[in-house]
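As they're listed, the protein sequences go chains A and B. Note that the first sequence covers residues 1 to 276 in the UniProt record's numbering. Note that the second sequence covers residues 1 to 276 in the UniProt record's numbering. By construction, the Cβ of each residue, glycine as well, lies at the ideal position given by its N, Cα and C atoms. Everything on this sheet refers to the single structure shown next.
2 protein chains.
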Amino acid sequence: MTRDQLFEQIQRKRSYLCVGLDTDIKKIPPHLLNHEDPIFEFNRQIIEATSDLCVAYKPNIAFYEAHGPKGWVSLQKTLEVIPQDVFTIADAKRGDIGNTSELYARAFFEQMNFDSITVAPYMGVDSVQPFLQFPNKWVILLALTSNPGHDDFQMLSVVSHGKSYFLFEKVLEKSQAWGTPENLMYVVGATRSDYVERIRALAPDSFLLVPGVGAQGGSLEEISKFGMNSHCGLLVNSARQIIYASQGEDFAEKAREAALAVQQEMDRYLNDYLPA
Amino acid sequence: MTRDQLFEQIQRKRSYLCVGLDTDIKKIPPHLLNHEDPIFEFNRQIIEATSDLCVAYKPNIAFYEAHGPKGWVSLQKTLEVIPQDVFTIADAKRGDIGNTSELYARAFFEQMNFDSITVAPYMGVDSVQPFLQFPNKWVILLALTSNPGHDDFQMLSVVSHGKSYFLFEKVLEKSQAWGTPENLMYVVGATRSDYVERIRALAPDSFLLVPGVGAQGGSLEEISKFGMNSHCGLLVNSARQIIYASQGEDFAEKAREAALAVQQEMDRYLNDYLPA
Chain A
1 MTRDQLFEQI QRKRSYLCVG LDTDIKKIPP HLLNHEDPIF EFNRQIIEAT
51 SDLCVAYKPN IAFYEAHGPK GWVSLQKTLE VIPQDVFTIA DAKRGDIGNT
101 SELYARAFFE QMNFDSITVA PYMGVDSVQP FLQFPNKWVI LLALTSNPGH
151 DDFQMLSVVS HGKSYFLFEK VLEKSQAWGT PENLMYVVGA TRSDYVERIR
201 ALAPDSFLLV PGVGAQGGSL EEISKFGMNS HCGLLVNSAR QIIYASQGED
251 FAEKAREAAL AVQQEMDRYL NDYLPA
Chain B
1 MTRDQLFEQI QRKRSYLCVG LDTDIKKIPP HLLNHEDPIF EFNRQIIEAT
51 SDLCVAYKPN IAFYEAHGPK GWVSLQKTLE VIPQDVFTIA DAKRGDIGNT
101 SELYARAFFE QMNFDSITVA PYMGVDSVQP FLQFPNKWVI LLALTSNPGH
151 DDFQMLSVVS HGKSYFLFEK VLEKSQAWGT PENLMYVVGA TRSDYVERIR
201 ALAPDSFLLV PGVGAQGGSL EEISKFGMNS HCGLLVNSAR QIIYASQGED
251 FAEKAREAAL AVQQEMDRYL NDYLPA
């Protein structure tokens with residue numbers, strides 16, 4: 001998917017919501033457990049109930065990998081029922097030496113036809129570039145994550161050419177040369193919306209994938225106000241709050257209600273903060 | 001596996017060789033392609049031919065994931081034919097927020113019974129600790145990798161409490177508090193053996209998993225001389241040089257010859273450099 005297609009979708013749906021498909025067999029409604037593939041069945045109903053309100057789905061790969069080979073089958077089937085116009089994110093946080101990253105890229109981009117994959121930056125340029133060779137596919141590079149551990153390394157002061165940066169800023173700055181706003185996004189946690197202005201100074205045109213709104217305490221309004229650019233430039237993820245809105249037989253309906261509430265809030269922020 | 005059991009194996013076999021099972025369907029001998037599961041059959045024969053000469057096997061997970069669900073079946077079957085006393089490393093370079101890392105840990109430690117997994121440090125303590133909760137299982141944290149991109153971030157100068165470090169040193173220093181030499185190792189590329197003394201100052205008792213000897217240009221003698229500690233403390237990986245020693249029907253025999261040459265060299269270094 002191109003950046004223009006993504007932005008067109010955002011304008012049409014008046015939403016920049018990404019629904020996290022972190023589907024946990026222990027948390028899905030008990031009545032689904034009789035299905036042959038309960039995880040797929042849960043996802044299928046969530047997708048059917050929310051795909052006109054969100055612009056992206058993001059399965060966290062750990063939730064599927066934890067089930068071994070059959071988890072990968074559930075994931076592949078899930079991908080197949082996501083409408084073509086919705087952006088798909090493999091939240092896999094991969095990254096390895098060049099030829100190995102290329103294998104990961106083939107697995108997620110060709111075998112499973114994801115639009116994008118999250119990648120960890122620690123190993124540097126040759127661990128990221130193999131993912132950037134695929135036309136209309138995206139890397140979403142970890143910059144500033146929403147978990148408490150982001151403090152350990154991402155916030156370290158780094159000295160480079162006599163100037164001082166946070167490490168996550170150096171990741172943003174250096175990686176700008178590896179890709180373009182047409183194939184490279186960044187993970188920026190909503191729990192650190194105080195840094196969004198600095199991030200926008202370094203990556204003004206890039207899309208940001210924003211976890212941490214809701215359950216983790218980040219504010220949707222703050223991130224929208226300081227993070228929105230002329231292509232919207234935001235995909236705000238919500239998982240638990242939407243997919244586990246109810247544990248009853250009405251789970252899909254309740255998920256839709258929760259997604260609708262977020263979409264309506266986003267509609268207001270698109271009115272208020274999208275640059276003309 | 002405990003550190004003492006690993007060291008006992010090293011002394012018994014006079015080897016600290018780790019064989020990388022980076023099994024690529026395009027590189028295995030053509031006569032194996034008639035087998036029902038050529039990747040497993042290749043691994044099975046390599047393991048049978050080398051398991052008395054090496055102390056660890058390290059499948060890089062990308063090579064299996066690239067084949068979708070059936071790749072995971074090949075991986076699981078491979079694990080089952082590795083002798084119990086040989087250390088197993090899931091080279092997966094995972095790492096995610098706490099509850100997600102725990103799912104990865106369960107996948108690799110419980111479902112597949114690996115002894116260890118490689119983990120990327122960028123997300124910090126809560127992305128690593130879930131892996132450290134499993135008794136006799138190990139985290140192998142990326143510190144200084146062997147690829148050219150290690151220069152981008154790992155070698156940045158970081159200022160902390162008024163002192164200047166390389167980022168990889170900060171990773172070593174900080175993570176020492178998360179685990180112990182009984183459950184935490186580090187990846188240190190042989191291509192930077194010039195830093196091994198500095199690394200040993202920060203992590204004197206830890207095992208180091210060392211890629212980059214051979215094809216990537218690192219010297220086995222250098223790394224052995226400067227890296228060995230009283231428990232040996234080294235697992236030196238070799239993949240291509242051993243598993244692709246021949247593309248003919250004699251591939252397993254040739255792999256054994258290549259592994260034997262490395263083991264004999266290691267035997268000498270254990271004599272010369274293992275502290276009394």
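N-terminal and C-terminal residue of the alpha helix (DSSP H) that B/Arg106 is part of: The sequence position of residue 106 of chain B within the second sequence is 106, counting from 1. B/Arg106 -> no alpha helix (DSSP H), and no H or E assigned at all.
Counting only the same chain and skipping the five closest in sequence on each side, list residues whose C-beta sits under 8 Å from that of B/Gly189. Your numbering for residue 189 of chain B matches position 189 in the second sequence. If we look at B/Gly189 and ignore the five residues flanking it on each side, its Cβ neighbours are Leu144, Thr145, Ser146, Asn147, His150, Val210, Pro211, Gly212, Gln216 and Gly218.
Strictly below 9 Å CB to CB, what residues from chain A border B/Met123? Walking along the second sequence from the start, residue 123 of chain B turns up at place 123. Simply Lys93, Ala120, Leu142, Thr145, Asn147, Gly149, His150, Asp152, Phe153 and Gln154.
When B/His161, B/Ser157, B/Trp178 and B/Val159 are compared against B/Ile140, the one with the closest alpha-carbon: Sequence index remark: in the second sequence, residue 140 of chain B carries index 140 (1-based). Measuring from the Cα of B/Ile140, the nearest candidate turns out to be B/Trp178.
Alpha carbon of B/Glu8 to alpha carbon of B/Met266, nearest angstrom: The residue you call residue 8 of chain B lines up with position 8 of the second sequence. The residue you call residue 266 of chain B lines up with position 266 of the second sequence. Using only the alpha carbons, I get a separation of about 15 Å.
What first and last residue would you give for the beta strand (DSSP E) that runs through B/Asp91? What you label residue 91 of chain B is simply residue 91 of the second sequence in a count that begins at 1. Start and end: Phe87 to Arg94.
What alpha helix (DSSP H) runs, 4 residues minimum, are completely inside the region 3 to 53 of chain A? 3 to 13 and 38 to 50
Against B/Gln111, what residues of chain A qualify as contacts under a CB-to-CB distance less than 7 Å, listed in chain order? Sequence index remark: in the second sequence, residue 111 of chain B carries index 111 (1-based). Going along chain A in sequence order, the residues near B/Gln111 (Cβ under 7 Å) are Gly68.
Simplified DSSP state of A/Phe207, which is helix, strand or coil: Counting from 1 along the first sequence, the entry for residue 207 of chain A is found at position 207. Correct three-state label for A/Phe207: coil.
Check distances from the C-beta atoms of the region 158 to 172 of chain B to those of chain A and list, in chain order, the residues that come in under 8 Å. Val158, Val159, Ser160, Ser164, Leu167, Lys170 and Val171
Using 8 Å for Cβ pairs, my map puts A/Leu156 next to B/Lys170. What's the rounded Cβ distance? Walking along the first sequence from the start, residue 156 of chain A turns up at place 156. Walking along the second sequence from the start, residue 170 of chain B turns up at place 170. The Cβ separation is near 6 Å, so the contact holds.
Does any residue of chain A have a CB that is nearer than 8 Å to the CB of B/Val72? As a position in the second sequence, residue 72 of chain B is number 72, starting the count at 1. It is Trp, not Val, that sits at residue 72 of chain B in the sequence shown. Answer yes: the Cβ-Cβ gap between B/Trp72 and chain A drops below 8 Å somewhere.
Quick one: Cα of residue 313 of chain A to Cα of A/Val125, how far? Here chain A covers residues 1 to 276 and nothing more, so residue 313 of chain A does not appear.
At least one CB of chain B closer than 8 Å to the CB of A/Thr23: is that the case? Reading the first sequence from its first residue, position 23 is the one you call residue 23 of chain A. No - not a single Cβ of chain B is within 8 Å of the one on A/Thr23.
In three-state DSSP terms, what is B/Ala143? Working through the second sequence from its first residue, we reach residue 143 of chain B at position 143. The answer is strand: DSSP assigns B/Ala143 an E or B state.
DSSP bridge partner residues for B/Lys58 (one or two, in chain order): Locating residue 58 of chain B in the second sequence gives position 58, where the first residue counts as 1. BP columns for B/Lys58 point to B/Gly20.
Using 8 Å as the limit for Cβ to Cβ distance, is A/Glu65 near chain B? Taking the first sequence and counting its residues from 1, the one referred to as residue 65 of chain A is at position 65. Chain B, which has a Cβ nearer than 8 Å to the Cβ of A/Glu65, makes this yes.
Is there at least one Cβ from chain A nearer than 8 Å to B/Asp96's Cβ? Within the second sequence, numbered from 1, the residue matching residue 96 of chain B stands at position 96. With 8 Å as the cut-off, B/Asp96 counts as an interface residue toward chain A.
Which of the three DSSP states, helix, strand or coil, is assigned to B/Leu156? As a position in the second sequence, residue 156 of chain B is number 156, starting the count at 1. Coil at B/Leu156, not helix or strand.
When the cut-off is 8 Å and only beta carbons count, does B/Leu103 lie next to chain D? Within the model displayed, chain D is absent; protein chains A and B are what it includes.
Hey, out of B/Tyr273, B/Asp24 and B/Val55, whose CA is closest to B/Asp115's CA? For this step, residue 115 of chain B is matched to residue 115 along the second sequence. Checked all of B/Tyr273, B/Asp24 and B/Val55; the closest Cα to B/Asp115 is B/Val55.
Beta carbon proximity, A/Ser193 to chain B, threshold 8 Å: In the first sequence, the residue the question calls residue 193 of chain A occupies position 193. Not an interface residue.
What in chain A is Cβ-close to B/Ala190, meaning under 9 Å? For the purposes of this step, residue 190 of chain B is taken as residue 190 along the second sequence, with counting starting at 1. Near B/Ala190 there are no residues of chain A at all, since even the closest Cβ is about 13 Å away, more than 9 Å.
DSSP bridge partner residues for A/Asn229 (one or two, in chain order): Here residue 229 of chain A refers to the residue found at position 229 of the first sequence. A/Cys232.
For B/Ser127, go through chain A and note every residue whose CB falls closer than 8 Å to its CB, in chain order. Here the question's residue 127 of chain B lines up with position 127 in the second sequence. Per Cβ cutoff of 8 Å: Asn147 and Gly149.
Name the DSSP beta bridge partners of A/Tyr165, please? For the purposes of this step, residue 165 of chain A is taken as residue 165 along the first sequence, with counting starting at 1. Looking at the DSSP assignment, A/Tyr165 forms a beta bridge with A/Val158.
Span of the beta strand (DSSP E) around B/Tyr273: Working through the second sequence from its first residue, we reach residue 273 of chain B at position 273. Looking at the DSSP string, B/Tyr273 is not in any beta strand (DSSP E); the run it does join, the alpha helix (DSSP H), is Phe251 to Tyr273.
Provide the residue(s) that pair with B/Asn237 in DSSP beta bridges, ordered along the chain. Locating residue 237 of chain B in the second sequence gives position 237, counting from the first residue. Answer by DSSP bridge pairing, in chain order: B/Cys18.
Looking at the strands, I want to know which residues DSSP matches up with A/Gly218. Locating residue 218 of chain A in the first sequence gives position 218, counting from the first residue. In DSSP, A/Gly218 forms a bridge with A/Val213.
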